[in-house]
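Asker:
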Amino acid sequence: MVITPLKKFLGQLAVAIILMYKNQLLIDDMHGFMNIGIIPPVFSYPLIMFTIIVVMNSCNLIDGVDGLAVSIGFITCTLFSVFFYLNNDWFFALMGISMSGALLAFLRFNFSPAKIFMGDTGAMLLGLVNAILVIHFIKTAEGSHILPVYAAPAMGFGILLLPLLDTLRVFSYSYF
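All residue numbers for the sequence shown refer to the working numbering, where the first residue is 302 and numbers rise by one.
Set out below in structure tokens:
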């Protein structure tokens, strides 16, 4: 069954909207990143939707190389889960380490010559988990009393830099 890009985008948008409203998954403060402080909800909602959709698609785009998306996903989920564990944020630590464990088991079969492929659905799930973890990291990292991170948006962006730059590269080659 072939799903058109429009239907895929609408599905991603629906997931982003559900996460925002049902789980209060919002970024309301950028903590001075690019001179941006408090973000009103009218700008926060589109920012969250954009973040979720971009991270989901960036993981999907890097899935073409054997082991790349899985390796990067393992590293990012592990980094976020260690941070959340150290800050006693058990739900998000468990989410990150569960994804890391699944990716580590999958990694063995995804190196060249790959025996199993993640596919669009797996790559988008990986991107969704990464998006949720980075949004929660940005929201909670600076206010943490145990392990505060004072440049949380820049740090979250840095952790996901490789997939995001690859997405920029793919779109720039397509456009230009």
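Idealized CB from N, CA, C, for every residue including glycine.
None of these values were measured; they are calculated from a predicted model.
Within 10 Å of its beta-carbon, does residue 366 have 16 or more other beta-carbons around it, so buried, or fewer, so exposed?
Answerer: It is exposed - the Cβ of residue 366 has fewer than 16 other Cβ atoms within 10 Å.
Asker: Would residue 359 be called buried (16 or more neighbouring beta carbons within 10 Å of its own) or exposed?
Answerer: Residue 359 is buried by the Cβ-count criterion.
Asker: Can you confirm whether the region 421 to 436 touches the region 368 to 386 when touching is taken to mean that 3 or more C-beta pairs between the two stretches lie within less than 8 Å?
Answerer: Flag = yes, the region 368 to 386 and the region 421 to 436 touch.
Asker: Please name the residue or residues paired with residue 330 in a DSSP beta bridge.
Answerer: Looking at the DSSP assignment, residue 330 forms a beta bridge with 339.
Asker: Tell me whether residue 421 is buried or exposed, calling it buried when 16 or more other Cβ atoms sit within 10 Å of its Cβ.
Answerer: So residue 421 ends up on the exposed side.
Asker: If you reduce the DSSP assignment to three classes, tell me which class residue 417 lands in.
Answerer: Here residue 417 sits in coil by DSSP.
Asker: Measuring alpha carbon to alpha carbon, tell me which of 351, 305 and 411 ends up nearest residue 374.
Answerer: The option with the nearest alpha carbon to residue 374 is 411.
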